[in-house]
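Asks: The sequence shown begins at 0 in numbering that gives the first Met the number 0 and counts up by one.
Every residue gets a Cβ at the ideal spot worked out from N, C-alpha and C, and that includes glycine.
Structure provided below as structure tokens; questions to follow.
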Amino acid sequence: MELARRVRPEYADRLQFRDTAHIREEIARCVPLYDGIQRLREGGDSFQYGGPLLCSGWTFPTPDGKAHFKAVSVAPRELREDQFLVVTRRGKQFNSMVHEDVDPINAAPRDAVLMHPGDLRRLGLREGDPVELVNEHGVLRARVRTAAVAPGTVQVHWPEGNVLVDPARRSPLAKIPGYKDVAAVVRRREGLDAAHHTESAVRP
0 MELARRVRPE YADRLQFRDT AHIREEIARC VPLYDGIQRL REGGDSFQYG GPLLCSGWTF
60 PTPDGKAHFK AVSVAPRELR EDQFLVVTRR GKQFNSMVHE DVDPINAAPR DAVLMHPGDL
120 RRLGLREGDP VELVNEHGVL RARVRTAAVA PGTVQVHWPE GNVLVDPARR SPLAKIPGYK
180 DVAAVVRRRE GLDAAHHTES AVRP
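This is the structure in structure tokens:
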């Protein structure tokens, strides 16, 4: 709260929450869909926004009460021969990030770029080799690590990979960047080798 008051002092008088329970009460007041969050008191308490069952009785909030499905045609991403599709988010890290130097899910360090073994061989790289991921938005210094990812695709940690994301290209309604629509060239960083790794390459 202190940080929020310093950032927006003109709203300081509105930021008078006693504790987290008070914040949850405010959420329920402002967003009726979240009614129930104010009753979370102890570990293990839970609630389902919108009620225990969404669309109970198979009745949907549409004019005819039925669910409506729409097919969406997504144009394939055109990549140059030397480019990889870069994925910077994972479902297992939804609304979160890796807070340690080693990812607890796959034991990869923060500066790891996960690559298909065939792509590693094609580029003449070995496990742990220092590389750069480069596009028109930025450069990410990393070390390659084999993983079960699709050929032609590399995966990096978030938020480190944000340097490669186009900050101006966003979804029209939610204004979300294309975290899974990033292309970059992977190239070896000269002057370094896999055996001597003394610092995280993606941190200042």
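Label glycine 43 either buried or exposed according to how many other C-beta atoms from any shown protein chain fall within 10 Å of its C-beta, with 16 as the threshold for buried.
Replies: So glycine 43 ends up on the exposed side.
Asks: Which same chain residues, not among the five before or five after glutamate 24, have their C-beta less than 8 angstroms away from its C-beta?
Replies: Result list for glutamate 24: Gln37, in chain order.
Asks: Quick one: which unbroken beta strand (DSSP E) runs of 3-plus residues sit fully inside the stretch 55-143? Chain order, please.
Replies: Runs of the beta strand (DSSP E) inside the stretch 55-143: 82-86, 111-114 and 129-134.
Asks: Indicate whether leucine 184 and valine 85 have their beta-carbon atoms separated by less than 8 angstroms.
Replies: Leucine is not the amino acid found at residue 184; the sequence shown has valine there. Not closer than 8 angstroms, so no.
Asks: By DSSP, does glutamine 37 sit in helix, in strand, or in coil?
Replies: Reduced to three states, the DSSP call for glutamine 37 is helix.
Asks: Once the 5 residues before and after valine 6 are set aside, which same chain residues still bring their CB inside 7 angstroms of it?
Replies: Correct list: empty, nothing qualifies.
Asks: Could you give the DSSP three-state label for proline 236: helix, strand or coil?
Replies: Because residue 236 is not part of the residues shown, which for the chain are 0 to 203, the question remains open.
Asks: Could you tell me whether the Cβ atoms of arginine 187 and proline 176 are closer together than 8 angstroms?
Replies: Their beta carbons are not under 8 angstroms apart, which means arginine 187 does not touch proline 176 by this criterion.
Asks: With a threshold of 7 angstroms on Cβ separation, who are the neighbours of alanine 11 within its own chain once the five nearest residues in sequence on each side are excluded?
Replies: Closer than 7 angstroms at Cβ, skipping near neighbours: Arg4.
Asks: Quick check on this structure: which residue in Ala66, Leu122, Glu131 and Gly123 has the alpha carbon closest to the alpha carbon of glutamate 159?
Replies: If we check each option's Cα against that of glutamate 159, Glu131 comes out closest.
Asks: Do you know whose CA, among Val153, His67, Ala167 and Glu77, lies nearest valine 133's CA?
Replies: It is Val153.
Asks: Evaluate contact between the stretch 140-148 and the stretch 108-118, counting only Cβ atoms and requiring at least three cross-stretch pairs below 8 angstroms.
Replies: As far as the Cβ criterion goes, the stretch 140-148 touches the stretch 108-118, which means the pair count is three or higher.
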